[in-house]
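Colleague: One structure, as structure tokens, below. Some questions next.
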Amino acid sequence: MSSHSIALCGLLLTISFQRGQSKTTGFAIENYQKNHREMVYGNLLKHIYKEQEFGSILLVHQTSIGDISLKAFLQLDLPKVILTSPVQKTFCYKDFYNSEIVVVWLISYSLNTTNAIKKAGEILNYMRQTRILVIGEMIAEEEYFKLQLLKELELQKMTNVLLIFSHPQSQSLQHFTLQPYPEYHWLRWQHSLYFNKNWKNLQNKTLKTYVDQTPSRALVYTDAEGALQMSGFVAKFILLFAELVSKYDASLSMFYALEVGNKTIYTLINAMVSENLLDIPIALAALAAPTQRNVTDFYELNQLFIIVPLAQPLSVQQIYGVLLNGIFSMSIVLGFLVFSIAHSVLAYAQQQQHLRRNCLDVVFNVKILSGVLGLAIWARPKPKLSLKLFFILLGYFGLNISTLFGANFKTLMTTPPYGRQIRNNEDLLHSSVRLLALAGDPVLVDPKLLPLKPIYALTNNLTEVHETRKVLNISYCYGVTTATYNLLERQQKYYYSRPTFFAPEDLILYSMMPWGFQLQHNSPYKEPMNRLIHQVHAGGLMQAWHDFLFLDMLKLKEIPKNDPNSQQNLNVIRVEDLTWVWIIVAAGWAASTLVFLVELCMGKKTIEVGK
Numbered sequence: 038m039s040s041h042s043i044a045l046c047g048l049l050l051t052i053s054f055q056r057g058q059s060k061t062t063g064f065a066i067e068n069y070q071k072n073h074r075e076m077v078y079g080n081l082l083k084h085i086y087k088e089q090e091f092g093s094i095l096l097v098h099q100t101s102i103g104d105i106s107l108k109a110f111l112q113l114d115l116p117k118v119i120l121t122s123p124v125q126k127t128f129c130y131k132d133f134y135n136s137e138i139v140v141v142w143l144i145s146y147s148l149n150t151t152n153a154i155k156k157a158g159e160i161l162n163y164m165r166q167t168r169i170l171v172i173g174e175m176i177a178e179e180e181y182f183k184l185q186l187l188k189e190l191e192l193q194k195m196t197n198v199l200l201i202f203s204h205p206q207s208q209s210l211q212h213f214t215l216q217p218y219p220e221y222h223w224l225r226w227q228h229s230l231y232f233n234k235n236w237k238n239l240q241n242k243t244l245k246t247y248v249d250q251t252p253s254r255a256l257v258y259t260d261a262e263g264a265l266q267m268s269g270f271v272a273k274f275i276l277l278f279a280e281l282v283s284k285y286d287a288s289l290s291m292f293y294a295l296e297v298g299n300k301t302i303y304t305l306i307n308a309m310v311s312e313n314l315l316d317i318p319i320a321l322a323a324l325a326a327p328t329q330r331n332v333t334d335f336y337e338l339n340q341l342f343i344i345v346p347l348a349q350p351l352s353v354q355q356i357y358g359v360l361l362n363g364i365f366s367m368s369i370v371l372g373f374l375v376f377s378i379a380h381s382v383l384a385y386a387q388q389q390q391h392l393r394r395n396c397l398d399v400v401f402n403v404k405i406l407s408g409v410l411g412l413a414i415w416a417r418p419k420p421k422l423s424l425k426l427f428f429i430l431l432g433y434f435g436l437n438i439s440t441l442f443g444a445n446f447k448t449l450m451t452t453p454p455y456g457r458q459i460r461n462n463e464d465l466l467h468s469s470v471r472l473l474a475l476a477g478d479p480v481l482v483d484p485k486l487l488p489l490k491p492i493y494a495l496t497n498n499l500t501e502v503h504e505t506r507k508v509l510n511i512s513y514c515y516g517v518t519t520a521t522y523n524l525l526e527r528q529q530k531y532y533y534s535r536p537t538f539f540a541p542e543d544l545i546l547y548s549m550m551p552w553g554f555q556l557q558h559n560s561p562y563k564e565p566m567n568r569l570i571h572q573v574h575a576g577g578l579m580q581a582w583h584d585f586l587f588l589d590m591l592k593l594k595e596i597p598k599n600d601p602n603s604q605q606n607l608n609v610i611r612v613e614d615l616t617w618v619w620i621i622v623a624a625g626w627a628a629s630t631l632v633f634l635v636e637l638c639m640g641k642k643t644i645e646v647g648k
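Numbering-wise (my numbering), the sequence shown opens with residue 38 and increments by one.
Laid out in structure tokens, this is it:
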């Protein structure tokens with residue numbers, strides 16, 4: 038072999054060795070980068086878990102993401118839900134899982150952020166405080182990506198986001214945290230907490246609110262200095278929340294100028310929240326539907342029922358109605374007819390009188406009527422034995438009637454009986470009491486109230502409903518919650534000689550009804566309000582606020598102290614109290630007139646026949 042051949046072979050061997058060494062080095066570098074990235078992601082998750090524990094992971098990644106990027110998240114020993122982007126079908130995570138979660142969103146190269154954030158928003162409905170970790174790998178235009186992502190996060194009201202840019206060529210990561218207040222913007226991470234409670238720094242934000250002025254929940258009044266004040270367990274809670282947010286650089290202001298007595302039904306206040314006009318309402322919303330998740334945790338747990346008047350003593354007019362009932366009237370009429378016929382038969386048998394001469398006297402003998410009523414009667418001198426026995430029986434009958442009537446009259450007038458007590462729907466329908474309510478109240482369409490629709494007394498004036506209920510007008514019954522009934526119960530306990538209203542068990546519409554605060558869809562204030570609600574319950578503040586409300590209403594003279602059951606309400610007999618007496622007198626005059634006309638007609642016919 039020549040020297041040139043040997044040199045050429047040596048050169049080829051050298052080049053081949055260098056190429057093999059280069060490939061080995063490139064593979065080692067790539068393997069190192071992947072292992073480093075896996076370690077960085079793993080440590081990042083551990084630090085996030087250390088800040089605040091979470092129970093599961095929602096992992097969203099692209100099909101272009103390699104297994105190495107996912108490995109760090111899959112190794113964590115926690116339940117995981119893994120989705121591949123673009124997500125075609127969405128679901129509500131809250132429907133299936135109720136634990137604290139962390140969302141990890143892996144993005145490679147480029148992505149349609151509008152569609153992706155919208156899908157993520159649907160999955161994270163009612164969980165806007167969830168921690169979201171967005172990792173962008175090999176993003177070409179980072180600034181444009183940040184801008185697009187920021188717009189979509191603001192649109193979906195996501196507030197707790199950490200953005201990380203990762204490049205395989207660089208071992209360091211770029212961290213950005215989302216600051217949603219006062220306007221959405223990115224801040225470079227300052228090596229503090231990865232996820233901050235952004236609602237603890239609201240950057241001078243003003244929250245809009247308004248009050249329904251339901252007396253048992255939020256009483257608005259003017260103090261001695263002329264300043265507007267609020268009392269009640271709902272108003273006090275919102276005022277306490279206002280103190281809380283003031284520490285976090287925020288304030289609370291009324292949507293409309295506050296006016297004393299300007300009452301608004303709670304459904305209108307909650308509708309304003311749903312339309313994003315109010316941030317926090319000073320009103321409660323019923324958690325009747327389990328899917329109503331835009332409401333805080335329950336703040337009040339109460340009952341909804343109808344209170345009805347207790348049985349009242351009968352009035353003088355009603356007492357006369359009891360005395361002159363059908364049995365008494367029929368006894369008088371039948372006694373009158375029987376004794377009239379008996380007297381006519383005895384008179385005919387003894388004196389051979391013709392019955393046809395005075396036909397009306399055979400059945401309606403005016404002389405007998407006096408005896409039936411227990412009055413003196415006229416009789417012939419020295420009547421026969423049969424007539425004596427007849428008059429003795431007639432006198433006994435009349436004496437019995439008059440004695441029983443007098444005894445019952447005295448008893449009922451001195452100790453009036455009570456009417457029938459209302460205990461269920463049937464009793465209510467057959468009574469004179471009507472159900473006073475506000476037109477448009479959603480409770481009125483409840484299936485349990487539909488049988489009572491014939492007795493609805495609807496009004497468009499909410500103040501009229503509250504004022505009528507406050508004085509406990511027994512002409513109506515009312516739908517109330519436990520809080521309202523507790524105020525009325527105290528009013529009756531301390532200032533009434535006996536209770537006037539009560540709540541029958543058969544008229545309880547809802548035995549357990551939770552109430553919370555209606556918030557905007559995915560409101561960022563749900564978490565702080567829930568925390569404060571639990572603290573208020575644990576501290577027993579609600580009962581104290583109930584007591585203070587009653588004292589405030591006493592000072593403002595909002596609690597009537599006039600006892601409707603006092604003896605001062607007894608008056609002399611009025612004209613209308615003798616209604617039944619006037620009816621009997623009028624009926625007697627009408628009957629007398631009719632008999633007189635009949636006698637005239639019969640007398641005229643008798644004269645014509647005689648001629």
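Backbone N, C-alpha and C fix where the C-beta goes; we use that ideal spot for every residue, glycine too.
Any idea what DSSP makes of residue 405, helix, strand or coil?
Modeller: Along the sequence shown, read from residue 1 onward, the residue named residue 405 stands at position 368. Here residue 405 sits in helix by DSSP.
Colleague: Starting from residue 461, trace the beta strand (DSSP E) in both directions and tell me its first and last residue.
Modeller: Position 424 of the sequence shown, counting from 1, holds the residue named residue 461. Here residue 461 belongs to no beta strand (DSSP E), and DSSP marks it neither H nor E.
Colleague: Which residues does DSSP pair with residue 268 in a beta bridge?
Modeller: Within the sequence shown, the letter at position 231 stands for residue 268. Answer by DSSP bridge pairing, in chain order: 256.
Colleague: Is the CB-CB distance between residue 292 and residue 245 below 8 Å?
Modeller: Here residue 292 refers to the residue found at position 255 of the sequence shown. Here residue 245 refers to the residue found at position 208 of the sequence shown. Against a cut-off of 8 Å, the Cβ pair of residue 245 and residue 292 comes out as a contact.
Colleague: Can residue 558 and residue 331 be called in contact, C-beta distance under 8 Å?
Modeller: What you label residue 558 is simply residue 521 of the sequence shown in a count that begins at 1. What you label residue 331 is simply residue 294 of the sequence shown in a count that begins at 1. For residue 558 and residue 331, yes; Cβs fall inside 8 Å.
Colleague: Between the region 444 to 452 and the region 422 to 432, do three or more beta carbon pairs fall short of 8 Å?
Modeller: no
Colleague: Which residues in the same chain as residue 456 place their Cβ atom closer than 7 Å to its Cβ, once the five residues preceding and following it in sequence are excluded?
Modeller: As a position in the sequence shown, residue 456 is number 419, starting the count at 1. Same-chain partners within the cutoff: 348, 349 and 351.
Colleague: Kindly indicate the opening and closing residues of the alpha helix (DSSP H) around residue 145.
Modeller: As a first step, residue 145 is located in the sequence shown; it is residue number 108 there, counting from the start. From DSSP, residue 145 is part of no alpha helix (DSSP H) but of the beta strand (DSSP E) over 138 to 145.
Colleague: Could you give the residue range of the beta strand (DSSP E) that holds residue 343?
Modeller: Counting from one through the sequence shown, the residue named residue 343 turns up at place 306. 337 to 346 is the span of the beta strand (DSSP E), which, as asked, contains residue 343.
Colleague: So which of 419, 274, 372 and 572 has the shortest CA-CA distance to residue 405?
Modeller: Within the sequence shown, residue 405 is the residue found at index 368, counting from 1. Nearest C-alpha to residue 405: 372.
Colleague: Check for me: the beta strand (DSSP E) holding residue 330 runs from which residue to which?
Modeller: Counting from 1 along the sequence shown, the entry for residue 330 is found at position 293. Taken as a continuous stretch (DSSP letters only), residue 330 belongs to no beta strand (DSSP E), as it is neither H nor E.
Colleague: Roughly how many whole angstroms lie between the Cα atoms of residue 174 and residue 144?
Modeller: Position 137 of the sequence shown, counted from the start, is the residue given in the question as residue 174. Position 107 of the sequence shown, counted from the start, is the residue given in the question as residue 144. Straight-line Cα distance between these residues: approximately 6 Å.
Colleague: When you compare the region 185 to 205 with the region 214 to 227, are there three or more beta-carbon pairs, one atom per stretch, that lie closer than 8 Å?
Modeller: yes
Colleague: By how many angstroms is the C-alpha of residue 579 removed from the C-alpha of residue 269?
Modeller: The count along the sequence shown starts at 1 and reaches residue 269 at position 232. The count along the sequence shown starts at 1 and reaches residue 579 at position 542. Distance between the alpha carbons of residue 269 and residue 579: 9 Å.
Colleague: Is it a yes or a no for the region 109 to 120 touching the region 70 to 89, going by three-plus beta-carbon pairs under 8 Å?
Modeller: As far as the Cβ criterion goes, the region 109 to 120 touches the region 70 to 89, which means the pair count is three or higher.
Colleague: Check whether the Cβ of residue 631 sits closer than 7 Å to any heavy atom of the ligand NAP, and report yes or no.
Modeller: Inclusion of the ligand NAP in the displayed structure is not the case, the ligand content being empty and no account of it being possible.
Colleague: Just the C-alpha distance for residue 166 and residue 117, rounded to the nearest angstrom, thanks.
Modeller: On the sequence shown, residue 166 is found 129 positions in, with the first residue counted as 1. On the sequence shown, residue 117 is found 80 positions in, with the first residue counted as 1. Their backbone Cα atoms lie some 19 Å apart in a straight line.
Colleague: Look up residue 273 in the DSSP assignment and say whether it is helix, strand or coil.
Modeller: Locating residue 273 in the sequence shown gives position 236, where the first residue counts as 1. Residue 273 falls in the helix class under three-state DSSP.
Colleague: Are the region 226 to 233 and the region 248 to 266 touching, with three or more C-beta to C-beta distances below 8 Å?
Modeller: Too few Cβ pairs lie closer than 8 Å, so no.
Colleague: For a test of the three-state rule: what should DSSP assign to residue 129, helix, strand or coil?
Modeller: Counted from its first residue, the sequence shown places residue 129 at position 92. The answer is coil: DSSP assigns residue 129 none of H, G, I, E or B.
Colleague: Contact check, residue 169 vs residue 124 under 8 Å by CB: the rounded distance?
Modeller: Numbered from 1 along the sequence shown, position 132 holds the residue referred to as residue 169. Numbered from 1 along the sequence shown, position 87 holds the residue referred to as residue 124. In this structure residue 169 does not touch residue 124 by the C-beta definition: roughly 15 Å separates them, more than the 8 Å allowed.
Colleague: Mind checking whether residue 344 and residue 540 have CB atoms under 8 Å apart?
Modeller: The count along the sequence shown starts at 1 and reaches residue 344 at position 307. The count along the sequence shown starts at 1 and reaches residue 540 at position 503. For residue 344 and residue 540, yes; Cβs fall inside 8 Å.
Colleague: Quick test of your reading: residue 335 and residue 324, contact by CB under 8 Å. State the CB separation rounded to the nearest angstrom.
Modeller: Working through the sequence shown from its first residue, we reach residue 335 at position 298. Working through the sequence shown from its first residue, we reach residue 324 at position 287. Indeed they touch by this definition, with Cβ atoms about 6 Å apart.
Colleague: Which of the three DSSP states, helix, strand or coil, is assigned to residue 226?
Modeller: To locate residue 226, count along the sequence shown from 1; it is residue 189. Residue 226 falls in the coil class under three-state DSSP.
Colleague: If residue 513 and residue 519 are in contact, beta carbons under 8 Å, what's the gap, nearest whole angstrom?
Modeller: Along the sequence shown, one-based indexing puts residue 513 at 476. Along the sequence shown, one-based indexing puts residue 519 at 482. Their Cβ separation, rounded to whole angstroms, is 20 Å, which puts residue 513 and residue 519 out of contact at 8 Å.
Colleague: Leaving out five residues on either side along the sequence, give the residues of the same chain with a beta carbon under 8 Å from the beta carbon of residue 583.
Modeller: Counting from one through the sequence shown, the residue named residue 583 turns up at place 546. Same-chain partners within the cutoff: 270, 520 and 523.
Colleague: Taking the C-alpha atoms as reference points, what is the distance between residue 363 and residue 412?
Modeller: As a first step, residue 363 is located in the sequence shown; it is residue number 326 there, counting from the start. As a first step, residue 412 is located in the sequence shown; it is residue number 375 there, counting from the start. The straight-line gap from Cα to Cα measures roughly 22 Å.
Colleague: Would you check if the region 274 to 284 and the region 525 to 532 touch, i.e. whether three or more CB-CB distances between them fall below 8 Å?
Modeller: At 8 Å Cβ cutoff, the stretches do not touch.
Colleague: What residue does the alpha helix (DSSP H) around residue 537 start on, and which one ends it?
Modeller: Within the sequence shown, numbered from 1, the residue matching residue 537 stands at position 500. Element bounds for residue 537: n/a, residue is neither H nor E.
Colleague: What do you get for residue 576, buried or exposed, if any count of 16 or more other CB atoms within 10 angstroms of its CB means buried?
Modeller: Stepping through the sequence shown from its first residue, residue 576 is reached at position 539. Per the 10 Å Cβ criterion, exposed.
Colleague: Return helix, strand or coil for residue 112, following the three-state DSSP convention.
Modeller: If you number the sequence shown from 1, residue 112 lands on position 75. In this structure, residue 112 counts as coil in the three-state DSSP scheme.
Colleague: So what does residue 516 bridge to, in DSSP terms?
Modeller: For the purposes of this step, residue 516 is taken as the residue at position 479 of the sequence shown. Answer by DSSP bridge pairing, in chain order: 343.
Colleague: Can you tell me whether residue 477 is helix, strand or coil according to DSSP?
Modeller: Along the sequence shown, read from residue 1 onward, the residue named residue 477 stands at position 440. In the structure shown, residue 477 sits in coil (DSSP, three-state: anything other than H, G, I, E or B).
Colleague: Do residue 537 and residue 484 have their CB atoms nearer than 8 Å?
Modeller: Locating residue 537 in the sequence shown gives position 500, where the first residue counts as 1. Locating residue 484 in the sequence shown gives position 447, where the first residue counts as 1. Their beta carbons are not under 8 Å apart, which means residue 537 does not touch residue 484 by this criterion.
Colleague: Out of 460, 402 and 421, which one is the CA nearest neighbour of residue 544?
Modeller: By 1-based counting over the sequence shown, the position of residue 544 is 507. Nearest of 460, 402 and 421 to residue 544, Cα basis: 460.
Colleague: List the DSSP bridge partners of residue 650.
Modeller: This structure does not reach residue 650, given that the chain is present from 38 up to 648, and the question cannot be answered.
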